[in-house]
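Its first residue numbered 1, the first sequence is counted upward by one per residue in our numbering.
For glycine and all other residues, C-beta sits at the position ideal for the given N, C-alpha and C.
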Amino acid sequence: MAQPSVLTPQGEDFPRWYQDVVQKAEMADNGPVRGTMVIRPYGYAIWERIQREMDDRIKAAGAQNAYFPLFIPESYLHREAEHVEGFSPELAVVTHAGGAELAEPVVVRPTSETVIGEFMAKWIQSHRDLPLLLNQWANVVRWELRPRLFLRSSEFLWQEGHTAHASAEDASRYATLIHLEVYNDFLEQVLALPAIVGIKPPSERFAGAVNTMTCEGMMRDGKALQLATSHELGQNFAKAFNIVFQGDDGESQYCHTASWGASTRLVGGLIMAHGDDRGLRVPPRLAPWQVVVVAVRDDDEVLHGAREIARELLESGVRSHLDTGRGSFGRRVTDWEIKGVPLRVEVGPRDLASGQVTLVRRDGGEKISVARAEMVSVARRLLDEMHDEFYQEALAFRESRTVTVASVDEALEGAQNGFARVPWDLLDEAAEARLKADAVTVRCLVRADGTLPLHEKEPDLVAVVAKSY
RNA sequence: CGGGGCGUAGCGCAGCUUGGUUAGCGCGCCUGCUUUGGGAGCAGGAGGUCCCGGGUUCGAAUCCCGGCGCCCCGACCA
1 MAQPSVLTPQ GEDFPRWYQD VVQKAEMADN GPVRGTMVIR PYGYAIWERI QREMDDRIKA
61 AGAQNAYFPL FIPESYLHRE AEHVEGFSPE LAVVTHAGGA ELAEPVVVRP TSETVIGEFM
121 AKWIQSHRDL PLLLNQWANV VRWELRPRLF LRSSEFLWQE GHTAHASAED ASRYATLIHL
181 EVYNDFLEQV LALPAIVGIK PPSERFAGAV NTMTCEGMMR DGKALQLATS HELGQNFAKA
241 FNIVFQGDDG ESQYCHTASW GASTRLVGGL IMAHGDDRGL RVPPRLAPWQ VVVVAVRDDD
301 EVLHGAREIA RELLESGVRS HLDTGRGSFG RRVTDWEIKG VPLRVEVGPR DLASGQVTLV
361 RRDGGEKISV ARAEMVSVAR RLLDEMHDEF YQEALAFRES RTVTVASVDE ALEGAQNGFA
421 RVPWDLLDEA AEARLKADAV TVRCLVRADG TLPLHEKEPD LVAVVAKSY
C-alpha cells in the first residue's frame, strides 16, 4: 500500500519540499504584503521554544531585556557611513503620518544599533556603568527582493543584543561568549544542529562591524545557512553616537560596542537541517509537543485511556498532546509525522487490554510496545537518544559533504553539493570573484583545527566556501 | 532592474488556439449514515467580480489595447 507521498520528495525539488512542509505542517502562510509572513500557531510554538531557550542563556550571560522603538529617525542611520550604505537598499521609510508629510522621514528599524547607541550615550557616564549589556526581542524590517518564509522575509522576528564595553578586549570577549555559550550551545543542545563557528571575511561582514562571527549550518541540500551572528563594532558606533565614559584615570574615552542576533530564520534552519521526505522532524528538546498521544478510535474507553496517558506524561514533565481521535487514524498519524512530533503513543483497545502502549519514533518509524508502567521512563530515554542521534546524523551528513581542497577549482567543485575547506591565502580578490560567479561564497574562516579565529589576519586560516541561503 | 511563465471556487488546475447552452474537474469544506491499529467509503450540498479597465461583436473566460499583481532565474541579506 504505497501511498503517493504527501510532500514533494527532497531529492526531486528541495525548495518545493520546503514550501510543502511549511504549508502542510501549518507553520506559516504568506502575508498580504509581499515578503511578509504569518506565523501560524504551530510555527509560533516552535519560535516560543527557541525564545525561551535562548532567553535563558542570554540572561545567564548577564544581559537584560529592554525595548526600543520601531521607528528610527532617518538621520541616525546616516551617522555611520558603512552602516547606512549597507542597509539603504532594504530600508522601509515612512514619509507621511498623521495626514501630513513628516519633516524628517523615519525608517522602520532594520536593526537597532543606532537608536540604542543614542541611549547608551545618555546612560553611560563612568567606567562603573560598564559593561552595559542589553538585549531586545523585536521585529525588524528589511525589504527583500526574493522572500521565502522564515528564511528571508521583509519583516522578521529576532533577538538583538547590544553591549558597550570599556575595551576592545572586553567587547571581543563578550561577543565571543555570546557566540559560543548562547548561540552555539543552543544550536547543539536544543536544535541538535552542529554548526561551523567562524568569522566572516571582510566581504561578508556586517555593515559597520570590525569583526563578525557566524554559526553556519548545513542544510539537507548541502547549502549553508547562517544561523546566528555576533559583531564586534569597535568604536565605530561609539564615535557616531558619542558613547563615552570616564575611566578611573579621569580620562574620557569611547566605548567599544558589540551586537549579536538570531532570528526566526532558525525555524527555517530547523526545517531544512532535520526534515525528511515525510516532513518535519523537530528535535526533542525543542519540540513544543514531544509526544502526541493518538487515540486509535474515538470511543469513550479508548479516549479515556489516552487522556490518562497524556496526563501522566505531562505530570512527569514530558510535553505531551492528546489527539482526540476525530478523523481516520492513518490521516492523523500522517499529519503528526509532517509536523515532526518526535514520539507518538498509539492507544487502542488492544493496548488497553494488554496493559501496554505502543511507542513510535518519528525519525525511523520504529514501533515498540512497552508496559504501561514503564512508558514514562522509556519515553524519556527515547527522547534523550533522539537528541543525540539527530545531532550525530546531521554531523555525519555534513562531514560526508565536506571536502578539504587545495585549489579554487576544487573548491568550486566541492561547493556544488556541500562545503569545501580551502586555504584562505588562496582566495584573493580574483578568486572570490570566480566563486561568486558560480553563486559560491566564503561562509566563514576557521583555524586549521576548526576553532574560532580572533581576526582574519591570523596565519593559515581555512575558508569554508559553499552555496548559501 | 534584465530574461521566462502565470492570473478561472479556500488550494491545485482544465477550458482560450477555432467566441455560442446553466463555466467544469481534483483536493478541501458542510450535512447524514457507515467507518476508525497507516492519507476512509457512499449519498446529498454550499461555494465564482473567470485579475482590473476599455474596445470589437448580436454574444467575450476565450479576440484586441492598456494597466495591475504574482511566481521562477540572474546583482544584496538574519
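Option nearest residue i by Cα separation, candidates the options
i      : options                           : result
Leu280 : Leu286, Pro288, Trp289 and Leu270 : Leu270
Glu104 : Glu374, Glu410, Ser328 and Ile72  : Ile72
Ala396 : Met218, Phe150, Met213 and Val197 : Met218
Leu130 : Arg434, Gln246, Arg447 and Ala411 : Gln246
Leu314 : Glu429, Pro288 and Ser154         : Pro288
Glu118 : Arg297, Asn236 and Leu352         : Asn236
Glu478 : Asp277, Thr163, Gly222 and Trp143 : Nothing can be reported for residue 478: it is not among the residues displayed for the chain, which extend from 1 to 469.
Arg372 : Ala164, Gly305 and Thr176         : Gly305
Glu181 : Pro342, Val341, Asp335 and Ile58  : Ile58
Tyr183 : Asn417, His165, Glu160 and Lys223 : Glu160
Asn135 : Arg142, Thr95, Asp55 and Val197   : Asp55
Val442 : Asp449, Leu454 and Tyr469         : Tyr469
Phe241 : Thr114, Ala60 and Glu188          : Thr114
Glu312 : Glu374, Ala209 and Pro342         : Glu374
Leu343 : Pro349, Ala353 and Ser369         : Ser369
Ile178 : Ser320, Leu191, Gly261 and Gln10  : Gly261
Ile243 : Thr163, Asn139 and Glu188         : Thr163
Leu412 : Gly198, Ala379, Asp299 and Arg434 : Arg434
Lys200 : Cys444, Arg307 and Lys457         : Cys444
Buried or exposed by the 16-neighbour rule on C-beta atoms within 10 Å, applied to residue i
i      : result
Pro284 : buried
Gly99  : exposed
Glu399 : exposed
Leu133 : buried
Leu266 : buried
Pro15  : exposed
Gln290 : buried
Met1   : Summary for Met1: the model assigns pLDDT 33, below 50, so the residue's position carries little reliability; its value from the coordinates is reported in the next sentence. It counts as exposed.
Thr111 : buried
Thr95  : exposed
Ala97  : exposed
Asn211 : buried
His165 : buried
Val282 : buried
Glu216 : buried
Thr264 : buried
Glu432 : buried
Glu85  : exposed
Assigned secondary structure, residue i (DSSP; H/G/I helix, E/B strand, else coil)
i      : result
Tyr67  : coil
Pro89  : helix
Met218 : strand
Ala2   : Interpretation of Ala2 is limited by its pLDDT of 39, a score under 50 that renders its predicted location unreliable; no figure is taken from the coordinates.
Glu458 : coil
Leu133 : strand
Leu225 : strand
Pro9   : coil
Val79  : The identity of residue 79 in the sequence shown is Arg, whereas the question assumes Val. Residue state, collapsed to three classes: coil.
Val408 : helix
Val341 : coil
Lys367 : strand
Thr358 : strand
Ser377 : helix
Arg447 : coil
Arg16  : helix
Asp323 : strand
Pro468 : With the sequence shown as reference, residue 468 is identified as Ser, and Pro is not the correct amino acid for it. In the structure shown, Ser468 sits in a strand (DSSP, three-state: E or B).
Val422 : strand
Val442 : strand
Ser230 : strand
Ala396 : helix
Take every Cβ of the stretch 9-28, pair it with every Cβ of the stretch 224-239, and state whether three or more of those distances are shorter than 8 Å.
No contact exists between the stretch 9-28 and the stretch 224-239.
What are the start and end residues of each continuous beta strand (DSSP E) run of 3 or more residues lying completely inside the stretch 141-215, in chain order?
Segments of the beta strand (DSSP E) lying fully in the stretch 141-215: 155-165 and 196-199.
Does the stretch 91-110 come into contact with the stretch 119-132, if we say contact requires no fewer than three beta-carbon pairs (one atom in each stretch) closer than 8 Å?
By the Cβ rule, the stretch 91-110 does not count as touching the stretch 119-132, because fewer than three pairs are nearer than 8 Å.
Let me know the beta strand (DSSP E) ranges lying completely inside the stretch 242-297, each 3 residues or longer, listed in chain order.
Listed in chain order, the beta strand (DSSP E) runs fully inside the stretch 242-297 are 244-246, 252-254, 256-263 and 291-295, counting runs of at least 3 residues.
Any contact of the stretch 245-262 with the stretch 168-181, i.e. 3+ C-beta pairs under 8 Å?
Look at the beta carbons and you see the stretch 245-262 touching the stretch 168-181: at least three pairs across the two are nearer than 8 Å.
For the structure I just gave you, are there three or more beta carbon pairs, one from the stretch 383-403 and one from the stretch 348-365, closer than 8 Å?
The stretch 383-403 vs the stretch 348-365: in contact.
Are at least three pairs of beta-carbons, each pair with one atom in the stretch 453-468 and one in the stretch 402-416, less than 8 Å apart?
Contact holds between the stretch 453-468 and the stretch 402-416, because three or more Cβ pairs, one in each stretch, are under 8 Å apart.
Counting Cβ pairs, one atom from each stretch, are 3 or more of them under 8 Å apart for the stretch 141-157 and the stretch 29-38?
Result yes; three or more Cβ-Cβ pairs closer than 8 Å.
If you scan the stretch 23-59 from start to end, which runs of the beta strand (DSSP E) of 3 or more residues do you find wholly inside it?
Qualifying beta strand (DSSP E) stretches, in chain order: 28-30 and 37-39.
Does the stretch 73-81 touch the stretch 318-336, meaning 3 or more C-beta pairs lie closer than 8 Å?
Contact check between the stretch 318-336 and the stretch 73-81: fewer than three CB pairs, one atom from each, fall below 8 Å, which does not count as touching.
For the stretch 90-130, which segments carrying the beta strand (DSSP E) assignment without a break, of at least 3 residues, lie completely within its bounds, in sequence order?
Within the stretch 90-130, the complete beta strand (DSSP E) runs of at least 3 residues are 92-97 and 100-108.
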